[in-house]
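In the numbering used here, the protein residues as written are 358 to 652.
Glycine included, each C-beta is placed from N, C-alpha and C at the ideal position.
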Amino acid sequence: MAMIVKFWGVRGSIPVTAQRSRVFGGNTPCVEVRCDGELFICDAGTGIRELGRDLARRAPAPKAAHLFLSHLHLDHIQGLPFFLAALPDLRVHVYGVSDDDTSRKRLLSGELGAEFLPQNVEQPRASLVFDHLDDTEPRRVGDVRVRSLPLKHPGGCHGFVFEHDGRKVVYASDVDLDSGTSGAKERTATADVMTLRPVPRALLNAARGADLLIVDGQYDDPQYRAHMGSGHSSCLTATDLAIQADVKNLALFHHDPDDRDSDVEAKVKLCLARAAKLGAELPIFAAREGVALKL
358 MAMIVKFWGV RGSIPVTAQR SRVFGGNTPC VEVRCDGELF ICDAGTGIRE LGRDLARRAP
418 APKAAHLFLS HLHLDHIQGL PFFLAALPDL RVHVYGVSDD DTSRKRLLSG ELGAEFLPQN
478 VEQPRASLVF DHLDDTEPRR VGDVRVRSLP LKHPGGCHGF VFEHDGRKVV YASDVDLDSG
538 TSGAKERTAT ADVMTLRPVP RALLNAARGA DLLIVDGQYD DPQYRAHMGS GHSSCLTATD
598 LAIQADVKNL ALFHHDPDDR DSDVEAKVKL CLARAAKLGA ELPIFAAREG VALKL
């Protein structure tokens, strides 16, 4: 059975509405994965509002969804109240990997309070069921195998791997792929050096052979050097990860809020050129709102 992946929000940090970002979209992270009759959602940025509106129009409307939160930074949860309001009969299983599930529940419940929203959503229309993932133990949702892995990002973050019937999708939205490796500043100053960059081993192993790798590619190399420590990656290091993991498709994700569409397109060209010079035939594209892939 095919896996369907649809991008509802692909921008990082803060939503943008400028004309210069209309091609790729300005909503913050939200990705839908459908497989084996199950609905999985990665993150609840502003893109999840449009997903909710779309789900409300589907027939039959889904009765359950599985929401995987990479972390609780605002750009990954700010659309949740509007999603819940659109789907009164939906049961949302919320998965996190935080050591403190009570804090996660309290924070999300607080976001739904009247202090932050004009309508009374103290009891949201859709019901929330809080669940927990363990990095050491994969979970099964229906016949889909789901596992998590820690990513290098300030405050902590997790990626998610979805596997079913020989197909695999990896979601790694916020990660500094060069963090913890020596010489990152020097490497990203010499992009013309055609040597594969070191990447986190856990993510490399998780992504091996993936049909689709969705990964943080917010910066080019000069941007990365200017923002080292922010928790995001150079698109060229993301390319090297995909090559080493032998993935079938690479989607650059978490586009910089200051990037114009032309800037995002330029990053893709840089990555394609690097892959070609390294002898890799790797399809690379920038994630774009509204695009659906059948894997």
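Whether S505 touches V454 by CB criterion (7 Å): yes
Going along the chain, which residues of its own chain have a beta-carbon closer than 6 Å to the beta-carbon of R502, five neighbours each way excluded? P495 and E520
Under 7 Å between the Cβ atoms of D393 and G523? no
Between D568 and the rest of its own chain, which residues show a CB-CB distance below 8 Å, the 5 nearest in sequence each way excluded? M360, R524, K525, V526, V604, K605, N606 and L652
Rounded to whole angstroms, what is the Cα-Cα separation between L629 and Y528? 20 Å
Spatial distance of H515 from L560 (CA atoms): 10 Å
Proximal residues to T596 (C-beta, below 6 Å), its chain only, five neighbours per side dropped: Residues C628, R631 and A632 of the same chain have their beta carbon placed closer than 6 Å to that of T596, with the five preceding and five following residues left out of the count.
Going straight from the alpha carbon of A583 to that of P640, what length do you get? 28 Å
Around the Cβ of T545, are there at least 16 other Cβ atoms within 10 angstroms (buried) or fewer (exposed)? buried
Between the CA atoms of C399 and L431 - distance to the nearest angstrom: 14 Å
Sequence-distant residues of its chain with Cβ nearer than 7 Å to G586 (five each side left out): none
Nearest to H428 by alpha carbon, out of K626, G382 and H489? H489
Any idea which residues DSSP pairs K651 with across the strands? I361
Classification of N305 by the beta-carbon crowding that lies within 10 angstroms, buried from 16 upward: Outside the displayed span of the chain (358 to 652) sits residue 305, for which this structure offers no information.
Are the Cβ atoms of C592 and K624 separated by less than 7 Å? yes
In terms of residues, what are the limits of the alpha helix (DSSP H) holding G409? Boundaries of the alpha helix (DSSP H) around G409: G404 to R414.
I371 by DSSP, collapsed to three states: which one? coil
Are R448 and S484 closer than 7 Å when you measure CB to CB? yes
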